[in-house]
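Heads up: the sequence lines are chains D and F, in that order.
When we follow the working numbering, the leftmost residue of the first sequence carries the number -7, and every step to the right adds one.
When we follow the working numbering, the leftmost residue of the second sequence carries the number -7, and every step to the right adds one.
Note that CB positions come from ideal geometry on N, CA and C, so glycine has one too.
Right, one structure below, let's go through it.
Protein chains: 2
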Amino acid sequence: MRLVAVAGATEAMLDNLLQPHCLPGEKDRPARLLAAMRYAALGGGKRLRPFLLVETARLFGLEGEGVLRAACALEMIHCYSLVHDDLPAMDNDDLRRGRPTVHKAFDEAAAILAGDGLLTYAFDIVADAPTHADPAVRADLTLMLARAVGLGGMVGGQALDLEAEGRDTPHEAGFVALMQAMKTGALLLYAVEAGARMGGANALQKAALSRFGAALGAAFQVADDILDAEGDEEALGKRAGKDADRNKATLVAVLGLAQARKKRDALAREAIQALEDGGFGDKAGVLAEAARFTVNRKS
Amino acid sequence: MRLVAVAGATEAMLDNLLQPHCLPGEKDRPARLLAAMRYAALGGGKRLRPFLLVETARLFGLEGEGVLRAACALEMIHCYSLVHDDLPAMDNDDLRRGRPTVHKAFDEAAAILAGDGLLTYAFDIVADAPTHADPAVRADLTLMLARAVGLGGMVGGQALDLEAEGRDTPHEAGFVALMQAMKTGALLLYAVEAGARMGGANALQKAALSRFGAALGAAFQVADDILDAEGDEEALGKRAGKDADRNKATLVAVLGLAQARKKRDALAREAIQALEDGGFGDKAGVLAEAARFTVNRKS
């Protein structure tokens, strides 16, 4: 169970990074802010993004502290995005993974600052020497991360998602695919591309892994849309779930359940095909398994 | 008037960076989010931080696009911090530089995301090749920036400031100095240290410039506290200003006006002394002038 092993190692490293002692250049780590950041980052989640980064680097024989640090940076970004998305002004969610959201457990100001702190810490980690010996790799990891999660990536995707929610007109498939590629796809793709960059992938390998990451990211989001729609249908006996109630832009809404399932399975096949084309052989078995897991998961 | 020249160049470069076309790795720049980021970053402010970075780099003969990009990254961080600090859950301000704040001109979700976008874009800029030819310098600029503005710097300082506001007990001078060194001092210090790193300062020069930046940052904040207290006294005829009404932790509150003025002037002298000790001679005249301007400004 590589997923469980990586999740455990990620949790331990996150705990280690979020301690009260200061790093050089820091002046103090205020206790309540640190507590809110720890609450947001620790004790939950499948750690799928760290898993993808760690397993991609492992294709090239790279393992250890540096890779795990980069994986934790990525997870901090994911956690920050959940904290800000849950705020009353955004999705206004009170629960996350069965616990009160950060603004409920602390307060709104703490949630905004904890998110800002986690986002900033992620860049600290990827730029710092223990992550990779080569500063050119660290600068690249920083730049790739910023592109994946900024205005033209995750943050932009969240902005499009909020705008779409307010619309009366039906969403178009092209818009939904773009929004999802930005909001969730970009960070999953980064996980794979960061692992490839750290491991020193050649051009062919890099292209194959980018195809894998893009297809996996898209499959992940369609699977999410399907789970929301199916889960509510079966468990609550109503026609559609939370997404539909909110007029969320989802691929189930624009394609219907049957077509969305076909799309999901085609994307998973495309992801696995990309690994084969990259010539990684049996070594890529864990990543192929991750693609299958992504489309077959029940939560 | 170097301050005016740098402000103009900063404005033009910010405008250039915040255009609708995508950079490699970005998928789309959503129009409304981009508009909120432009509203937050353009058309205002003295651009003191860019000025300090540009003029410090100029001590070493370094000028041009790369330095200006780093200066814009810094200014984006400053602007993001104002947008988030103005939010209803934080300082709840409706006006900034005489215009509606971002959450008033757009909405709260847009303000949160615009802040996140500007913060992220800053790291994109410092890590990207046009900022400096040497990736080791870019990785250092990233790391130094993250330390200055994260949990142990600016974000932590804002958290301490909000906590202090809620307290009934008088604030202590040591606490106020720490909070201010984090909330405003760290970013001003970064401006100077980033300029020194880009310009290739030696150890002695670096130490002198760090002393200059730390003293200038502290002087700037005491001057701010004094302006708030004095401004209201003279204009409104009451004993203390907005800071006192909010029980804000300021040096005027803990030292009184007369001692705060002495402190401010001593810090300005310390800043100018540091430049002399660094052996920069007449070349540092512009920075010394900046220290005098900081303590004598009226707004």
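In the DSSP secondary-structure assignment, D/R61 is not bridged to any residue.
With a beta-carbon spacing of about 5 angstroms, F/L45 and F/A63 fall inside the 8 angstroms limit used to define contacts. In the DSSP assignment, D/L87 is bridged to D/P92.
Contact with chain F is found for D/D120, since one of that chain's Cβ atoms lies less than 8 angstroms from the residue's Cβ. F/A131 and D/A125 have their C-alpha atoms spaced approximately 11 angstroms apart. For D/T134, the closest Cβ of chain F is nearer than 8 angstroms.
Burial state of F/R159 is exposed, judged by a 10 Å Cβ sphere holding fewer than 16 other Cβ atoms. Short of 8 angstroms from the beta carbon of D/A206, and not among the five residues preceding or following it, lie these beta carbons of its own chain, in chain order: A173, G177 and L181. Per DSSP, the continuous alpha helix (DSSP H) segment holding F/E268 begins and ends at L249 to D269. Going by beta carbons, F/V168 and F/V246 fall inside the 8 angstroms limit. Fewer than three Cβ pairs drawn from the segment 279 to 286 of chain D and the segment 17 to 36 of chain D lie within less than 8 angstroms of each other, which leaves the two stretches out of contact. In terms of beta-carbon proximity, F/Y113 lines the interface with chain D, with at least one pair separated by less than 8 angstroms.
Residue environment: F/S73 is assigned as buried (16 or more neighbouring CB atoms within 10 Å of its CB, all protein chains considered). F/G56 counts as exposed, since fewer than 16 other beta carbons sit within 10 angstroms of its beta carbon. Under the criterion of beta carbons closer than 8 angstroms, F/T112 and D/G142 qualify as touching, at roughly 4 angstroms. For the pair D/I104 and F/I69, the CB atoms are not nearer than the 8 angstroms cut-off. Put simply, the backbone Cα of F/T134 is about 6 angstroms away from that of F/A119. For D/D120, no alpha helix (DSSP H) run applies, since DSSP gives it neither H nor E. Taking a contact as a CB-CB distance under 8 angstroms, the pair F/A106 and F/V94 counts as one, their CB atoms being some 6 angstroms apart.
At a cut-off of 8 angstroms between beta-carbon atoms, D/P92 makes no contact with chain F.
At a cut-off of 8 angstroms, the C-beta of F/H70 has no neighbouring C-beta in chain D. Per DSSP, reduced to three states, the secondary structure at F/T242 is coil, with no helix or strand assignment.
By the CB criterion at 8 angstroms, F/G191 and F/L66 fall outside the cutoff. For F/Q172, the enclosing alpha helix (DSSP H) stretches over residues A165 to Q172.
In the DSSP annotation of this structure, the continuous segment of the alpha helix (DSSP H) that includes D/T48 starts and ends at L40 to R50. Note on D/D86: under 16 other CB atoms within 10 angstroms of its CB, so exposed under the neighbour-count rule. Our two residues, D/V(-2) and D/P42, have alpha carbons roughly 7 angstroms apart in a direct line.
With respect to the 8 angstroms criterion, F/L196 and F/G270 are classified as neighbours on the basis of their beta carbons. For F/V75, the CB contacts under 7 angstroms within the same chain, skipping 5 residues up- and downstream, are A32, V94, A103, A106 and G107 in chain order.
Contact annotation for D/M174 against chain F: K19 and D20 [CB-CB distance below 7 angstroms, chain order].
Among the residues facing chain D, F/P42 is not included, as its CB has no counterpart in that chain under 8 angstroms away. For D/C64, no CB of chain F lies under 8 angstroms from its own CB, so it is not counted at the interface with that chain. Under a criterion of Cβ atoms nearer than 7 angstroms, the residues of chain D adjacent to F/R24 are, in order, A151 and E155.
Within chain F, the C-beta atoms nearer than 7 angstroms to that of D/H76 come from I104 and D108, in chain order. DSSP places F/K290 in the coil class of the three-state scheme, outside both helix and strand.
Leaving aside the five residues that flank D/E100 on each side, the residues in its chain whose CB is nearer than 8 angstroms to its CB run, in chain order, L79 and P80.
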